[in-house]
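Visitor: The numbers in UniProt numbering rise by one with no breaks, and the one at position 377 of the sequence shown is 377. Glycine included, every Cβ here is placed at the ideal spot set by N, Cα and C. The structure displayed is predicted, hence computed values, not measured ones.
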Amino acid sequence: MGAGAPRIFVSHLSGVPVFDPNGDQVGRVRDLVAMLRVGGRPPRLLGLVVEVVSRRRIFLPMTRVTGVESGQVITTGVVNMRRFEQRPTERLIIGELLDRRVTLVASGEEVTVLDVAIQQLPARRDWEIDRIFVRKGKGGALRRRGETLTVEWSAVTGFSLEEEGQGAENLVATFEQMRPADVANVLHHLTPKRRAEVANALDDDRLADVLEELPEDEQVEILGKLKEERAADVLEAMDPDDAADLLSELPEDDKERLLTLMQPDDAADVRRLLSYEENTAGGLMTTEPIVLRPDATVADALARVRQSDLSPALAAQVYVCRPPDETPTGKYLGTVHFQRLLRDPPFTLVSSIVDTDLPPLPPDASLPVVTSYLAAYNMVAAPVVDESGSLLGAVTVDDVLDHLLPDDWRETDFHSEEAVHGH
1 MGAGAPRIFV
11 SHLSGVPVFD
21 PNGDQVGRVR
31 DLVAMLRVGG
41 RPPRLLGLVV
51 EVVSRRRIFL
61 PMTRVTGVES
71 GQVITTGVVN
81 MRRFEQRPTE
91 RLIIGELLDR
101 RVTLVASGEE
111 VTVLDVAIQQ
121 LPARRDWEID
131 RIFVRKGKGG
141 ALRRRGETLT
151 VEWSAVTGFS
161 LEEEGQGAEN
171 LVATFEQMRP
181 ADVANVLHHL
191 TPKRRAEVAN
201 ALDDDRLADV
211 LEELPEDEQV
221 EILGKLKEER
231 AADVLEAMDP
241 DDAADLLSEL
251 PEDDKERLLT
261 LMQPDDAADV
271 RRLLSYEENT
281 AGGLMTTEPI
291 VLRPDATVAD
301 ALARVRQSDL
311 SPALAAQVYV
321 CRPPDETPTG
331 KYLGTVHFQR
341 LLRDPPFTLV
351 SSIVDTDLPP
361 LPPDASLPVV
371 TSYLAAYNMV
381 AAPVVDESGS
391 LLGAVTVDDV
401 LDHLLPDDWR
411 ETDFHSEEAV
421 HGH
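(1) What number of angstroms, rounded off, separates the C-alpha of Val16 from the C-alpha of Gly71?
(2) Taking the alpha-carbon of Gln339 as reference, which of Met81, Glu249, Lys331 and Val354 has the nearest alpha-carbon?
(3) Measure the CB-CB distance between Pro180 and Glu221 and report whether it falls below 7 Å.
(4) By Cβ distance below 7 Å, which residues in the same chain neighbour Lys136 in space, the five residues on each side in sequence not counted?
(5) Under 8 Å, with one C-beta from each stretch per pair, do the segment 363-376 and the segment 278-289 reach the 3-pair mark?
(6) In or out: Asp209 buried (at least 16 other Cβ within 10 Å) or exposed?
(7) Name the DSSP bridge partner or partners of Lys136?
(8) Less than 7 Å between the C-beta atoms of Gly77 and Glu51, yes or no?
(9) Under 8 Å: do the segment 289-296 and the segment 345-354 share three or more Cβ pairs, one atom per stretch?
(10) Pick out whichever of Asp182, Val29, Thr63 and Ile8 has its Cα sitting closest to the Cα of Ser308.
(11) Out of curiosity, what's the CA-to-CA distance linking Ile58 and Ala313?
(12) Can you tell me where the beta strand (DSSP E) holding Gly393 begins and where it ends?
(13) Taking the straight line between their C-alpha atoms, what separation do you get for Thr396 and Gly330?
(14) Classify Ile222 as helix, strand or coil using the three-state DSSP reduction.
(15) Inspect the CB distances between the segment 115-135 and the segment 42-56 and report whether three or more fall short of 8 Å.
(16) Classify Pro359 as buried or exposed, calling it buried when 16 or more other Cβ atoms lie within 10 Å of its own Cβ.
(17) When we look at the beta-carbon of Arg272 and count the other beta-carbons within 10 Å, is it buried (16 or more) or exposed?
(18) I need the straight-line Cα distance from residue 476 to Thr157, nearest angstrom please.
(19) Which value, in whole angstroms, describes the spacing of the CA atoms of Phe84 and Met35?
(20) Looking at Ala301 and Pro346, is the spacing between their C-beta atoms short of 7 Å?
(21) Go ahead and label Val303 buried or exposed: buried means 16 or more other beta carbons lie within 10 angstroms of its beta carbon, across all protein chains shown.
(22) Closer than 6 Å by C-beta to His421: which residues in its own chain qualify, once you throw out the five before and the five after it? Chain order, please.
(23) Please report how far the alpha carbon of Pro215 lies from the alpha carbon of Ala231, in whole angstroms.
(24) Could you tell me the alpha carbon to alpha carbon distance between Cys321 and Leu341, rounded to whole angstroms?
(25) Suppose only complete runs of 3+ residues qualify. What are the beta strand (DSSP E) ranges in the segment 319-402, listed by chain order?
(26) Could you check which residue in Val105, Val186, Pro61 and Asp182 has the C-alpha nearest to that of Asp205?
(27) Using the Cβ count rule (16 or more neighbours within 10 Å means buried), how would you classify Ala243?
(28) Can you give me the C-alpha to C-alpha distance between Asn22 and Val186, rounded to a whole angstrom?
(29) Where His12 and Thr75 are concerned, what is the direct C-alpha to C-alpha distance, given to the nearest angstrom?
(30) What alpha helix (DSSP H) runs, 4 residues minimum, are completely inside the segment 266-328?
(31) In the DSSP assignment, the alpha helix (DSSP H) including Asp233 goes from what residue to what residue?
(32) Using a 10 Å radius around the Cβ and a threshold of 16 neighbouring Cβ atoms, would you call Gly165 buried or exposed?
(33) Figure out for me which residue from Thr371, Asp386 and Val385 has the closest Cα to the Cα of Met379.
(34) What does Asp31 pair with, by DSSP beta-bridge criteria?
(35) Leaving aside the five residues before and after Ser416 along the sequence, list all residues of the same chain whose C-beta is less than 6 Å from its C-beta, in chain order.
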């Protein structure tokens with residue numbers, strides 16, 4: 001679904017079957033989870049509450065939903081079967097927003113919410129509440145009298161966080177437009193108690209992004225205050241190299257317990273990274289660079305580079321390898337830089353424009369060697385390849401900087417005008 005994606009009313013999703021990519025039914029939709037935001041902006045749809053065969057209710061993030069059409073929901077990949085637990089900033093759309101009495105801003109008239117429409121935002125995987133279907137007049141949904149109309153979210157009041165003002169919610173909602181590094185800076189200056197409240201209220205992906213920007217002692221402190229199953233979910237959402245760095249700070253028993261709770265694929269990547277010395281290319285790399293087969297086209301490569309959840313450093317080049325595509329890959333053939341992709345027609349095969357002159361790094365290359373390599377070749381990321389010729393991952397300049405900077409670099413006020421302009 002891209003631009004012009006259809007508007008879907010939540011009443012039509014209630015009870016709809018959910019299928020995995022193989023066409024097997026996972027369960028049925030029982031509710032939708034939205035996150036309220038400050039400033040009257042429409043809530044973001046985080047995911048679905050799905051009732052599986054055992055009557056357990058699980059959370060399915062919208063990022064795992066590939067299609068919502070003709071009375072069914074299609075998911076991507078393995079569904080996490082952990083029980084759904086509602087967070088303080090979250091609202092169940094069917095359970096908490098429908099039948100609610102709210103006020104029309106224009107007239108001050110009280111209306112009843114009968115239905116809520118959701119829509120996917122253009123060119124992104126984000127969904128948000130798009131419209132509200134309301135009935136004028138007193139009485140609930142069963143009353144037939146009263147005119148019905150569909151209005152924008154901003155046309156009514158009675159839902160917003162300012163009106164409810166619960167705990168860390170307002171703070172979390174104001175974070176939404178901030179970069180993870182800036183949120184981390186705010187968290188860094190909160191009391192440990194307040195920090196834990198905010199961490200509990202953030203969703204897994206957001207908390208993962210923010211943790212990656214915090215000093216390791218604060219990462220350990222926050223992770224230690226989460227329930228173990230939630231901690232494992234957050235580690236899965238982190239980049240594998242950041243998750244490995246964090247786990248390496250924990251006592252052996254805690255580390256092993258969390259790795260066991262993680263999805264096997266995610267845990268395997270992290271275990272592999274933990275097997276390398278900390279300040280080597282293997283210990284610094286991420287195991288999830290963009291890998292393409294030789295028969296992929298420039299158009300395929302650009303589609304991968306455009307993915308919004310990639311860091312700029314990882315999106316700067318693609319690595320061409322023989323199958324398998326997951327690291328460790330088949331034989332590494334070379335790198336194609338983003339700028340080169342922009343210069344060639346979309347149908348060009350990446351194998352015909354691959355840069356084979358750039359020597360890859362071995363996993364045991366030391367931090368000074370990695371730093372010199374990036375500087376010498378003017379690179380923001382470098383391939384890490386083992387003796388057999390398989391691509392193991394990529395070291396990015398941001399990870400190298402993290403290990404070169406002093407531990408207290410976040411304490412410096414690098415946001416100020418003086419710091420930026422060197423006055």
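Guide: In this structure, then:
(1) 6 Å
(2) Val354
(3) no
(4) Glu109, Val111, Gly146 and Glu147
(5) yes
(6) buried
(7) Val111
(8) no
(9) yes
(10) Thr63
(11) 34 Å
(12) Leu391 to Thr396
(13) 21 Å
(14) helix
(15) yes
(16) exposed
(17) buried
(18) Any answer about residue 476 is impossible in this case: the structure gives the chain only from 1 up to 423.
(19) 15 Å
(20) no
(21) At residue 303 the sequence reads Ala, which differs from the Val that was named. Exposed.
(22) Unreliable placement is indicated for His421, whose pLDDT of 49 sits below 50; no coordinate value is reported for it.
(23) 17 Å
(24) 17 Å
(25) 332-337, 381-385 and 391-396
(26) Pro61
(27) buried
(28) 43 Å
(29) 18 Å
(30) 281-284 and 298-305
(31) Glu228 to Ala237
(32) Below a pLDDT of 50, predicted positions are generally treated as unreliable, and Gly165, at 42, falls in that range; the measurement from the model is reported next regardless. With fewer than 16 other Cβ atoms within 10 Å, it is exposed.
(33) Thr371
(34) Val49
(35) With a pLDDT of only 45 at Ser416, under the threshold of 50, the placement of this residue in the model should not be trusted, and no figure is reported.
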